[in-house]
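Engineer:
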Amino acid sequence: MDKLIVNGPCTLTGEVRVSSAKNATLPILVATLLCPYPVNFETIPALMDVGTIIKLLQSLGVKLTVEGPTTTLDATELANQHADYALVKTMRASVLVLGPLLARYGQASVSLPGGCAIGARPVDIHLMGMEKLGAEIHIENGYIKARAKKLKGAVITLPFPSVGATENLMMAAVLAEGVTVIENAAMEPEIDDLADFLIAQGVRIEGAGTSRITIHGVELKDLKPSAKPYRVIGDRIEAATFIIAAIMTGSDVKVSGLNPKHLSFVLETLTKMGAGLDVGPDFVHVRKSPRLKGVAIDTAPYPGFPTDVQAQMMALMSVVDGNSIVTETIFENRFMHVPEMGRMGAKITLKGKSALIEGVESLSGAPVMCTDLRASAALILCALKAEGQTEIQRVYHLDRGYEKIDEKLTHLGATIRRVKA
Ligand code: EPZ
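With numbering that gives the first Met the number 0 applied, the sequence shown covers 0 to 420.
1. Under DSSP, the beta strand (DSSP E) around L349 begins and ends at which residues?
2. So for M368, helix, strand or coil by DSSP?
3. With the cut-off set at 8 Å, would you say A30 and L197 are in Cβ contact?
4. How big is the Cα-Cα spacing for G387 and L362?
5. Per DSSP, what kind of secondary structure is E135 in: helix, strand or coil?
6. For M340, which of A374, V285, F330 and A172 has the nearest alpha-carbon?
7. Can you round the beta-carbon distance between S288 and A274 to whole angstroms, since I take them to be within the 8 Å contact cut?
8. According to DSSP, is G233 helix, strand or coil?
9. Where does I329 land, buried or exposed, given buried means 16+ other C-beta within 10 angstroms?
10. Where do the ends of the alpha helix (DSSP H) carrying L168 lie?
11. With 16 as the cutoff for other CB atoms within 10 Å, does Y36 come out buried or exposed?
12. To the nearest angstrom, report how far apart T89 and T409 are at their CA atoms.
13. Cβ-heavy atom distance between I39 and the ligand EPZ below 7 Å?
14. What I want to know is whether the C-beta of D192 ends up closer than 7 Å to one or more non-hydrogen atoms of the ligand EPZ.
15. For the alpha helix (DSSP H) holding T177, just list the boundary residues, first then last.
16. Taking all protein chains shown into account, do 16 or more other C-beta atoms lie within 10 angstroms of the C-beta of F507, making it buried, or fewer, making it exposed?
17. Which whole-angstrom value is the C-beta distance of P26 and L291, which I expect to be below 8 Å?
18. What is the DSSP secondary structure of V61, reduced to helix, strand or coil?
19. Can you give the Cα-Cα distance for A171 and A185, rounded to whole angstroms?
20. Is Y142 helix, strand or coil when you go by DSSP?
21. Which residues bound the alpha helix (DSSP H) around L25?
22. Taking only three categories from DSSP, how would you classify L192?
23. Alpha carbon to alpha carbon, how far is E135 from E189?
24. Who are the Cβ neighbours of S255 in its own chain at under 7 Å, not counting the five residues just before and after it?
25. My assumption, with CB atoms under 8 Å, is that L32 sits in contact with A74. Please give the rounded CB distance.
26. DSSP three-state call for I357: helix, strand or coil?
27. In angstroms, rounded to a whole number, what distance separates the CA positions of G118 and P112?
28. Return the chain-ordered list of same chain residues with a C-beta closer than 8 Å to the C-beta of E130, the five sequence neighbours on each side being excluded.
29. For the ligand EPZ, any of its heavy atoms closer than 7 Å to the Cβ of V162?
30. Would the C-beta of N22 count as close to the ligand GTP, meaning under 7 Å from any of its heavy atoms?
31. As an exercise, report each continuous alpha helix (DSSP H) stretch of at least 4 residues that is fully enclosed by the segment 43-101, in chain order.
32. Secondary structure at P302, three-state DSSP: helix, strand or coil?
33. Figure out for me which residue from A226, N258, E402 and I4 has the closest Cα to the Cα of G279.
34. Grab me the residues of V49's own chain with a C-beta within less than 8 Å of its C-beta, minus the 5 sequence neighbours each way, in chain order.
35. Taking all protein chains shown into account, do 16 or more other C-beta atoms lie within 10 angstroms of the C-beta of D320, making it buried, or fewer, making it exposed?
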């Protein structure tokens, strides 16, 4: 297992461009299962999770070709509608194949995704919605067995604005008969991007990005390839990670390739803490910031504070003046970075869903271990700031969702190197 060695404290300088968003790329690649023709994409990010979803799609019969920056997925002929546990267990977003397979073939057998480090992460809302669309669903030997002669449009009210359930149901509704309305839908920018992709294939969708999404079902023959390769939005979570890295290290860095509107709450919070940010149409320029002050944040569904930036924000809070409080309302176990940060001198006390962070003067390098994707990012941020050497183990967690982050940080002047295991 690779590890990263960071010698801090680092000062960063220059510009970094974020990759395409992991959490938009995954559902959009799955949506090609609906398309009986080749679909072209620009610049698919080289992430482990993207590799996993492509392997799963290929196991269903999707053909992959890569020519220069263009990646083509061709789901004209699918071989089967079975998503195997061996693949699904490594990445729970695999459950997103349920909607398109059920809609196009009237049947699907998809392994129940296991939980993961940050929580049980059930899929009950996904399944409730599919049943509302007329599917018969039962669980057999750890697999979701779903059947439906023809899905029928319905009004589906989600008990929680689940990102994955919203995406799964949007895709299922594309080939359902009639109109589907998803109430209390997730509003994340990645949902909006999935809708844009489906609209580019000829589907009529209104309200994506709001809590009420209307999808007008079409016949398979009505779906048509879009004129040019699809370009996925920039990764707002990766961008937030680099913005916080620059602030923590007192650096002047331009982070580009994102829509800053997708990070409004995060940018407002950072400004409230005293960060100097210049925001452009597709960039955030972090000016050298003085020592910041603590704040209180609750994670929440979009447009609230994103849970995927919680760990990175906690890294920043550990080195500001005064105390901060973080309350994690989305996942039940998303504080695993805390003990690892404690090994570097962070002063964090956990109490139920909340963490109290007391700002300290400095952190010290130490051997630490990644436990999940965003926790890994938080450890890198602490290592950039810490005095001395930090050895970060199990970086495969990081490689799931950050494309070449060590190379990008080296480009910005960090002293970071990957040691192949
Ligand atoms: C997506 O996960 C993201 N993953 C997550 O990013 C992100 O943290 C999450 O949305 C919230 O924003 C991808 O897009 C691939 P949810 P998802 O369904 O769809 C509960 C990262 O770091 N729930 O909105 O799984 C669930 O247990 C990852 O990039 C049910 O109870 O999130 C959780 O507590 C981590 N039943 C909450 O809702 C369901 O049927 C949010 O889950 C579905 C969800």
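We treat Cβ as the ideally placed atom computed from N, Cα and C, and that holds for glycine.
Structural biologist: From the atom records:
1. Your numbering for residue 349 matches position 350 in the sequence shown. Run containing L349: K346 to K350, per the beta strand (DSSP E) assignment.
2. Translated into the one-based positions of the sequence shown, residue 368 becomes position 369. Of the three classes helix, strand and coil, the one that applies to M368 here is strand, per DSSP.
3. The sequence position of residue 30 within the sequence shown is 31, counting from 1. The sequence position of residue 197 within the sequence shown is 198, counting from 1. Yes, Cβ-Cβ distance for A30 and L197 is below 8 Å.
4. As a working note, residue 387 is residue 388 in the sequence shown. As a working note, residue 362 is residue 363 in the sequence shown. One C-alpha to the other measures close to 9 Å.
5. Working through the sequence shown from its first residue, we reach residue 135 at position 136. In the structure shown, E135 sits in a strand (DSSP, three-state: E or B).
6. Taking the first residue of the sequence shown as 1, we reach residue 340 at position 341. Of A374, V285, F330 and A172, the residue nearest in Cα terms is A374.
7. The count along the sequence shown starts at 1 and reaches residue 288 at position 289. The count along the sequence shown starts at 1 and reaches residue 274 at position 275. Indeed they touch by this definition, with Cβ atoms about 5 Å apart.
8. Working through the sequence shown from its first residue, we reach residue 233 at position 234. Assigned with DSSP and collapsed to three states, G233 falls in strand.
9. The count along the sequence shown starts at 1 and reaches residue 329 at position 330. Buried, by the Cβ-count rule.
10. In the sequence shown, the residue the question calls residue 168 occupies position 169. Start and end: V162 to V173.
11. Along the sequence shown, one-based indexing puts residue 36 at 37. It is exposed - the Cβ of Y36 has fewer than 16 other Cβ atoms within 10 Å.
12. Counted from its first residue, the sequence shown places residue 89 at position 90. Counted from its first residue, the sequence shown places residue 409 at position 410. Roughly 29 Å separates the two Cα atoms.
13. As a position in the sequence shown, residue 39 is number 40, starting the count at 1. The sequence given here has Asn at residue 39, not Ile. No, since every heavy atom of the ligand EPZ falls outside the 7 Å radius drawn around the Cβ of N39.
14. Residue 192 sits at position 193 when you count from the first residue of the sequence shown. No, Cβ of D192 sits at least 7 Å from all heavy atoms of the ligand EPZ.
15. In the sequence shown, residue 177 corresponds to position 178, counting from 1. Note on identity: in this sequence residue 177 is Gly, with Thr being the wrong assignment. Note, G177: premise wrong, no alpha helix (DSSP H); not H, not E.
16. Outside the shown range of the chain, which is 0 to 420, sits residue 507, and nothing can be said about it.
17. Along the sequence shown, read from residue 1 onward, the residue named residue 26 stands at position 27. Along the sequence shown, read from residue 1 onward, the residue named residue 291 stands at position 292. No, P26 and L291 are not in contact; Cβ-Cβ is about 35 Å, not under 8 Å.
18. Locating residue 61 in the sequence shown gives position 62, counting from the first residue. Three-state result, V61: coil.
19. Counting from one through the sequence shown, the residue named residue 171 turns up at place 172. Counting from one through the sequence shown, the residue named residue 185 turns up at place 186. If you take the alpha carbons of A171 and A185, they lie about 16 Å apart.
20. One-based indexing of the sequence shown puts residue 142 at position 143. Strand.
21. Counted from its first residue, the sequence shown places residue 25 at position 26. Start and end: K21 to A30.
22. For the purposes of this step, residue 192 is identified with residue 193 of the sequence shown, where counting begins at 1. Leu is not the amino acid found at residue 192; the sequence shown has Asp there. Judged by DSSP in its simplified three-state form, D192 adopts helix.
23. Counted from its first residue, the sequence shown places residue 135 at position 136. Counted from its first residue, the sequence shown places residue 189 at position 190. Between E135 and E189, the C-alpha separation is close to 28 Å.
24. The sequence position of residue 255 within the sequence shown is 256, counting from 1. Correct list, in chain order: E14, R16, D281 and F282.
25. Reading the sequence shown from its first residue, position 33 is the one you call residue 32. Reading the sequence shown from its first residue, position 75 is the one you call residue 74. Between L32 and A74 a beta carbon distance of about 5 Å is seen, short of the 8 Å cut, so the two are scored as contacting.
26. In the sequence shown, the residue the question calls residue 357 occupies position 358. Note on identity: in this sequence residue 357 is Glu, with Ile being the wrong assignment. It is a strand residue.
27. The residue labelled residue 118 in the question sits at position 119 within the sequence shown. The residue labelled residue 112 in the question sits at position 113 within the sequence shown. Spanning the two alpha carbons is a distance of roughly 12 Å.
28. The sequence position of residue 130 within the sequence shown is 131, counting from 1. Excluding its 5 nearest sequence neighbours in each direction, E130 has C-beta neighbours in its own chain below 8 Å: I136, listed in chain order.
29. In the sequence shown, counting from the first residue as 1, residue 162 sits at position 163. Yes.
30. Inclusion of the ligand GTP in the displayed structure is not the case, the ligand content consisting of the ligand EPZ alone.
31. Here the runs fully enclosed are 47-58 and 84-87.
32. On the sequence shown, residue 302 is found 303 positions in, with the first residue counted as 1. The answer is coil: DSSP assigns P302 none of H, G, I, E or B.
33. Stepping through the sequence shown from its first residue, residue 279 is reached at position 280. The residue among A226, N258, E402 and I4 with its C-alpha nearest the C-alpha of G279 is N258.
34. In the sequence shown, residue 49 corresponds to position 50, counting from 1. Taken in chain order, the residues that qualify are K21, T24, L25, L28 and I43.
35. Numbered from 1 along the sequence shown, position 321 holds the residue referred to as residue 320. Per the 10 Å Cβ criterion, exposed.
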